[in-house]
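Notes follow once the structure below has been shown.
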Amino acid sequence: MAEIITKATRESFGEALCEMAEHNPDIVVLDADLSAATKTSIFAAAYPERFIDCGIAEANMVGVAAGLATTGKIPVAASFAMFATGRAFEQIRNSVAYPNLNVKIAGSHAGISTGEDGATHQCLEDIGIMRTIPGMVVLNPADHWEMKAATKAALEYEGPVYIRLGRLAVDSFNDPETYEFHWGKGITLREGTDVTVIATGLCVLESLKAVDELIAEGKSVRLINIHTIKPIDRDIIIKAAKETGRIITVEEHNVIGGLADAVCEVTSAECPVPVRRIGVYDQFGYSGPAKELLDIFGLTAPNIKKVILEELDK
Amino acid sequence: MNQAEKRQLEILACKSRIGAIIGTFNAKSGHPGGSLSAADMFTYLYFKEMNIDPERPDWADRDRFVLSKGHCCPSLYATLALKGYFDWKELEMLRHVGAMLQGHPDMKGTPGIDMSSGSLGQGVSAACGMALAAKMDKKDYRVYTVLGDGECEEGEVWEAAMFAGHHNLDNLTVIVDCNGLQIDGTTAEVGGVEPLDTKFESFGFDTVIINGHDFDAIEGAMAKAKASDKPFAVIMKTVKGKGVSFMENEVGWHGKATNAEEYKIAIAELEKQLRELEA
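Residue numbers (our numbering), protein chains in the order written: chain E, 8 to 321; chain L, 960 to 1238.
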């Protein structure tokens, strides 16, 4: 069992940026006055000449990133998920994605676990917003090791990418000795035959806890980690639908537009099965400690376990 | 510049106006008004000012141009065709299915287009990114962008202006095509963007106000831009629809193409101007 590292994925992202920048002088990082929070501050400290603080002006930041990319640089533009994908949506669509420029958008403080800042800062729409843009890759890594691998893969990939970062420190569950990040491929964490749980982001660890309890109780539950929400791993979803006949999705996002929809788009076309969706049901969040909110919104192991049992009983 | 050189630019600008009318007529849509007001500036930039090579549109050290007011691409396309980036015949396919020339500039499909644009307010930011890249890489290329006066109502323009001033992008020249008209009326009635020179100055720019149809004035402005140690804004006063009598200063010609009869009149007027210039 690998050592557990408790770290917010935003921090793992900041570290990965530095590791990649050491070998690639084209990598430049932009932020909109939130570098201490998005953890691009780690990069800024190491490579100040390649860090551009754009001030509180996300639309311009994305446009500047696009201009930098036309010259061959690899810009990473970071802000909170809300402002990066919401405020600057149209700049991402028209100035980055339409010309297929090599810009990486990093959205930190995504989801309800942003916590005390409340609804205005708890972005529950970013995956949906980014997923609708043609050609945009959407990544939502689950732990420290996956975030580091995903960030590196995003920087090596030529084209626009959105990568979702969390504020809350979470335990790692992957083993760096054996972990492999494959672009667009889901990871089967537990094999099972009676139901499949498909989770993303910090909900993967919570699902893992729930599934392991159920396996210990003699149940057969499959668990899949989807770190690449677009392009989604169609094969792993179709296989799960065919073999287990029932799917549960788990995400820290509105059930509209995110992982649930991405999975349903595949199953409805290829192998229609019931899909139970765990997520935020089309409502705004509110202030509170992150862990409490995750419990209240049913995104932690106890509720996930309860839902799996309900589905197993059907 | 000498008189012969000036005459040559006037001829090219007239041809680019003809191209804009041909393109929008064949497309049965598009934006002739602003295309005609900016045609002289496009001509100057591509034939006198910028360090470019139509044989190498992706040359890394070239000067860059971003048409932030992307809808005015018909005369830019004509200028690019005249410069040799692609065949003039492409103008007849403007806005058609499968055409190289899209309704708004597409850097992936059109040689000579340095940035895709069309959504107003975004081009200055991209130009800032290009100018910043030159600074970071210690390259001496310059970046030019043309935007509309109505476009200056977009907040992103001022985010970008603040960025350019803050980073002292003295390799950036922002040109505002002040034709005084936007879709819903005059810029004075609709958005109240003036005064533009003092606005840009307060963001850290040096500025000059010129007649955007006078090549001597444009040359003087560009000399000042290069001499300045700050980002530079050229506020150019222009006539929307310049060169076609029934379009001049008429708000209705912002975004509609000529019909067959209007087309004949417009082309006849411009060809008459061309003959006089070439005489």
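C-beta: ideal position from N, C-alpha, C; glycine also.
Residues of its chain near His1213/L, where Cβ-Cβ distance is below 8 Å and the 5 sequence neighbours each way are ignored: His990, Gly992, Gly993, Leu1140, Gln1141, Ile1142 and Lys1199
Using 8 Å for Cβ pairs, my map puts Asp1099/L next to Val1025/L. What's the rounded Cβ distance? Not quite, the Cβ-Cβ distance comes to about 18 Å (not below 8 Å), so this is no contact.
Using three-state DSSP, classify Gly1200/L as helix, strand or coil. coil
Terminal residues of the beta strand (DSSP E) in which Ser86/E lies: Ile81 to Phe87
Quick check: what's the CA-CA separation for His1125/L versus Lys1028/L? 24 Å
Extent of the continuous alpha helix (DSSP H) run through Tyr1036/L: Cys1032 to Lys1042
Among Thr307/E, Phe87/E, His189/E and Leu75/E, which one has its Cα closest to the Cα of Ile239/E? His189/E
Looking at the C-beta of Cys278/E, does it have a partner C-beta in chain L at a distance below 8 Å? no
Rounded C-alpha distance that separates Pro167/E from Val83/E: 10 Å
According to DSSP, which residues form a beta bridge with Thr1132/L? Tyr1103/L and Phe1191/L
Check each residue of the region 49-66 of chain E: if its Cβ is closer than 8 Å to any Cβ of chain L, include it; give the result in chain order. Listed by position along the chain: Glu56, Arg57, Ile59, Cys61, Gly62, Ala64 and Ala66.
Could you check what DSSP says for Val280/E in three-state terms: helix, strand or coil? Residue state, collapsed to three classes: coil.
Beta bridge counterpart(s) of Gln1081/L as assigned by DSSP: Paired residue(s): none; Gln1081/L is not in a bridge.
Name the residue from His116/E, Glu56/E and Ala73/E whose alpha carbon lies nearest to the alpha carbon of His260/E. Ranking His116/E, Glu56/E and Ala73/E by Cα distance to His260/E puts His116/E first.
Where does Leu131/E sit, in a helix, a strand or coil, going by DSSP? Assigned with DSSP and collapsed to three states, Leu131/E falls in coil, not helix or strand.
Grouping DSSP H, G and I as helix and E and B as strand, with all else coil, what is Cys61/E? coil
Bridge-paired residues (DSSP) for Gly114/E: Ser86/E and Arg171/E
The region 202-211 of chain E contacting the region 237-256 of chain E, beta-carbon criterion three pairs below 8 Å: yes
What's the gap between the Cα of Arg100/E and the Cα of Leu1079/L? 13 Å
Around the Cβ of Gln962/L, are there at least 16 other Cβ atoms within 10 angstroms (buried) or fewer (exposed)? Exposed is the call here.
Taking DSSP as the reference, what is the three-state secondary structure of Gln1141/L? strand
Nearest to Pro1190/L by alpha carbon, out of Leu1091/L, Asp1136/L and Ser988/L? Pro1190/L has its Cα closest to that of Leu1091/L, out of Leu1091/L, Asp1136/L and Ser988/L.
Just mark Phe87/E as buried or exposed, buried being the case when its beta carbon has 16 or more other beta carbons within 10 Å. buried
Closest by C-alpha distance to Asp150/E, when choosing among Glu132/E, Ile303/E, Lys80/E and Thr16/E: Thr16/E
Between Arg171/E and Asp133/E, how many whole angstroms is the CB-CB distance? I'm expecting something under 8 Å. About 6 Å; that satisfies the 8 Å criterion.
Identity of the residues DSSP links to Lys237/E by a beta bridge: Val145/E, per the DSSP bridge assignment.
Inter-residue spacing [alpha-carbon to alpha-carbon] between Lys159/E and Asn147/E: 13 Å
What do you get for Trp1018/L, buried or exposed, if any count of 16 or more other CB atoms within 10 angstroms of its CB means buried? Flag for Trp1018/L reads exposed.
Can you tell me which of the three DSSP states Phe1164/L falls into? coil
Find out if the Cβ-Cβ distance for the pair Phe1001/L, Leu1035/L is shorter than 8 Å. yes
Can you tell me the Cβ-Cβ gap for Val1135/L and Ala1192/L, rounded? I've got them flagged as a contact below 8 Å. 7 Å
Applying the 10 Å Cβ sphere with the 16-neighbour rule, what's the burial state of Asp182/E? exposed
Cβ-Cβ separation, Thr983/L to Ala1147/L (assumed contact under 8 Å), whole Å: Not a contact, Cβ separation roughly 26 Å.
Cα-Cα separation, Val103/E to Asn109/E: 8 Å
Could you work out which residues of chain L lie near Tyr105/E, taking near to mean beta carbons separated by less than 7 Å? The answer, in chain order, is Ser1075.
Coarse secondary structure for Thr195/E, derived from DSSP in three states: Strand at Thr195/E.
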